[in-house]
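J.: I have a structure here, written as structure tokens, and I will follow up with some questions on it.
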Amino acid sequence: MSDDYGYDYEDDSPYGRETEYGAGDADVPDGNYGADGAGASRDGGRGPERTFAALPPAQGRGFATSWWGRAWLQALEDTALDGQQLKQGRQLARRGGVGAVSVRPGRITAMVRDRDGTAHRSDVLLQQLGAGAWDRFLDMAVDRAGHIAALLDREMPTHLVEDAAGAGVELLPGIGDLEPECTCGAWDHCPHTGALCYQVARLLDEDPFVLLLMRGRDERRLLDELQVRSAARAIRLGDGGAAEATDDAEREVRGVPAGEAFGAAGILPPLPAPPSAPDTPGLGPSLDTETPPAPGIDPAVLEVLAADSAVRAHRMLLDALAPGHEEQPFSVELTPRQDAVRLAADARPDARVGARLASGSGRAPADLDAAVRAWRYGGVPALAVLDEEWAPDPEDLGRARARLDEAWEAGERPALRAGGRARWTVAGADLQLRLDRDGRWWPYRKERGRWVPAGPADDDPAGALAGAEEGGAADGRSGAGTAF
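Residue numbering for the sequence shown follows my numbering, starting at 91 and increasing by one per position.
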């Protein structure tokens with residue numbers, strides 16, 4: 091049978107069924123409990139009931155796999171007065187000693203068999219929520235769009251526990267909330283009632299709404315009331331409820347109190363492993379359409395920017411997943427002139443877009459070509475060596491000359507002509523060494539009458555110069571170039 095929302099209430103579980111016990115309301119009191127004025131009952135003699143068939147033994151597996159099941163077990167074990175009885179109950183439940191479980195407001199019931207086959211009727215009474223508590227719970231759920239959407243979709247979000255506690259409603263059992271009754275005659279929790287409580291964790295794996303049924307509301311009534319309150323709230327907002335919307339927004343940004351977050355740490359599931367990064371950046375969109383662009387919009391430029399965004403996102407993801415990422419310093423913010431070079435190096439634009447980047451960064455196209463080479467060899471430090479000239483003080487200059495003397499064996503050092511500004515040119519060759527402010531050596535090569543970067547930095551000037559010579563030979567063989 092389905093209700094107006096299309097939910098099937100007689101077969102909504104592979105092993106559960108729901109029946110009505112009398113015409114009473116689950117919130118109608120059998121006694122006076124709590125401060126809500128509702129007289130919430132622990133008896134559970136009225137209201138809807140669901141019966142779950144006996145579950146197979148749980149050998150070789152935990153009793154709970156879902157967040158709700160583990161949260162129930164955590165609350166049970168934290169509030170138990172006799173851990174030994176719970177341990178024996180866990181063993182009984184693991185062997186399959188718990189029969190069909192009946193769940194209704196304020197009470198769960200099952201026949202539990204001992205090792206010798208003796209059966210005992212076991213009941214566990216759970217304090218129902220009063221009418222006032224349910225009002226606060228429903229108001230909280232309606233105020234949070236994520237909660238009401240999930241509940242109406244028959245899902246139970248895990249943050250419901252913390253948010254309900256913030257509204258003064260405790261969903262999970264606390265100390266003294268679970269009252270045992272068993273035909274074995276025990277005055278407190280016995281292995282039979284303990285086994286029943288452990289079996290409930292497996293029921294919550296399948297359907298967390300079982301917890302709300304134990305607290306006094308069946309799924310059908312809960313969803314109906316959420317629908318009514320949600321519609322009423324929408325009407326209020328539509329009638330000029332801007333102030334209420336503002337209040338809602340203020341409540342949302344308050345977050346979860348630190349004490350509640352700390353208290354829930356033991357029952358929260360571990361974070362999932364981060365997904366593996368893709369091998370390459372994603373492809374940007376093609377904007378070559380029949381629809382003409384708006385005035386002032388260049389589709390080719392937008393395509394370059396989109397491709398660049400994909401490259402940067404991919405690089406940031408790889409950096410974030412790399413070991414020790416949290417110990418790395420923050421990236422230096424680039425100037426517009428530097429970022430234009432980075433964009434040209436990463437996006438590899440065509441000649442027209444490259445010319446616009448060169449113009450916007452104050453460089454000639456050939457200069458941007460050299461800057462792109464420098465960026466690919468060493469980023470911002472390499473750009474500084476290309477663009478800046480600096481004069482070492484006598485002490486730095488002395489260390490540099492000593493390093494040049496030590497880099498080669500006697501008689502092997504090429505003739506170097508100091509050109510000032512921390513640059514040494516190889517006599518008779520179109521090669522040059524440049525020293526940066528950190529004491530590293532950068533190789534340069536003359537091409538078409540201008541000096542261009544020829545390799546990455548090296549602490550050894552001889553190694554830097556050798557890399558430039560090898561790079562020049564490779565470029566000559568392949569005819570490679572980076573000009574736009």
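Where a beta carbon is used, it is the ideal one built from N, C-alpha and C, also for glycine.
Values in this document were obtained by computation on a predicted structure and should not be read as measured data.
Whose CA, out of Ala231, Ala435, Ala556, lies closest to the CA of Arg503?
T.: Ala556
J.: Is it a yes or a no for the region 157-170 touching the region 303-310, going by three-plus beta-carbon pairs under 8 Å?
T.: no
J.: So for His249, helix, strand or coil by DSSP?
T.: coil
J.: Can you list, in chain order, the residues of its chain with a C-beta nearer than 7 Å to that of Leu392? Leave out the 5 residues immediately preceding and following it.
T.: Counting only Cβ-Cβ distances below 7 Å, and skipping sequence neighbours, we find Leu377.
J.: Please look up how many angstroms separate the CB atoms of Gln149 and Pro281, rounded, as I've assumed it's under 8 Å.
T.: The pair is not a contact, with the Cβ atoms about 18 Å apart (cut-off 8 Å).
J.: Tell me the DSSP secondary structure of Trp531 in three-state form.
T.: strand
J.: If you draw a straight line from the C-alpha of Ala464 to the C-alpha of Arg524, how long is it?
T.: Approximately 13 Å, taken between the alpha carbons.
J.: Measure the beta-carbon distance from Leu241 to Leu316 and round it to whole angstroms, keeping in mind my assumption that it falls under 8 Å.
T.: 6 Å
J.: Where does Val191 sit, in a helix, a strand or coil, going by DSSP?
T.: Assigned with DSSP and collapsed to three states, Val191 falls in strand.
J.: Given Ala558, which residues of its chain have a CB within under 6 Å of its CB, disregarding the five upstream and five downstream residues?
T.: Leu521, Pro533, Arg535, Ala544, Gly545, listed in sequence order.
J.: What residue range is occupied by the uninterrupted alpha helix (DSSP H) comprising Leu176?
T.: If you look at Leu176, you'll find it in the alpha helix (DSSP H) that goes 173-184.
J.: Counting C-beta neighbours from all protein chains within 10 Å, is the total for Ala291 16 or more, i.e. buried, or is it exposed?
T.: buried
J.: Runs of 3 residues minimum, wholly inside the region 432-512: which ones carry the beta strand (DSSP E) assignment?
T.: Unbroken beta strand (DSSP E) stretches of 3 residues or longer found wholly inside the region 432-512: 506-510, given in chain order.
J.: Using C-beta distances below 8 Å, list every residue in its chain close to Arg402, excluding the 5 sequence neighbours before and after it, in chain order.
T.: Asp436
J.: If you drop the 5 nearest sequence neighbours on each side, which residues of the same chain put their C-beta closer than 8 Å to that of Glu340?
T.: Note that Glu340 scores a pLDDT of 48, beneath 50, so its modelled location is shaky; the value from the coordinates is reported in the next line. Taken in chain order, the list of residues that qualify is empty.
J.: From Val193 to Phe299, what does the alpha carbon distance come to, in whole angstroms?
T.: 11 Å
J.: Can you give me the C-alpha to C-alpha distance between Ile265 and Gly414, rounded to a whole angstrom?
T.: CA-CA distance, Ile265 to Gly414, rounds to 43 Å.
J.: What are the start and end residues of each continuous alpha helix (DSSP H) run of 4 or more residues lying completely inside the region 256-303, in chain order?
T.: 281-296
J.: For Thr515, which beta-bridge partners are listed by DSSP?
T.: Arg507, Gln522
J.: So, is His237 buried or exposed, given that buried needs 16 or more other C-beta atoms within 10 angstroms?
T.: buried
J.: Within 10 angstroms of its Cβ, does Asp398 collect 16 or more other Cβ (buried), or is it exposed?
T.: Under this definition Asp398 is a buried residue.
J.: May I ask you to verify whether the region 228-235 touches the region 205-219, counting CB pairs closer than 8 Å and requiring at least 3?
T.: no
J.: Buried or exposed: Glu342, going by 16 or more other Cβ atoms within 10 Å of its Cβ?
T.: A caution first: Glu342 carries a pLDDT of 48, below 50, which makes its placement in the model unreliable, though a value can still be read off. Burial call: exposed.
J.: Kindly indicate which residue of Val422, Glu496, Ala505 has the alpha-carbon position closest to the one of Ala519.
T.: Ala505
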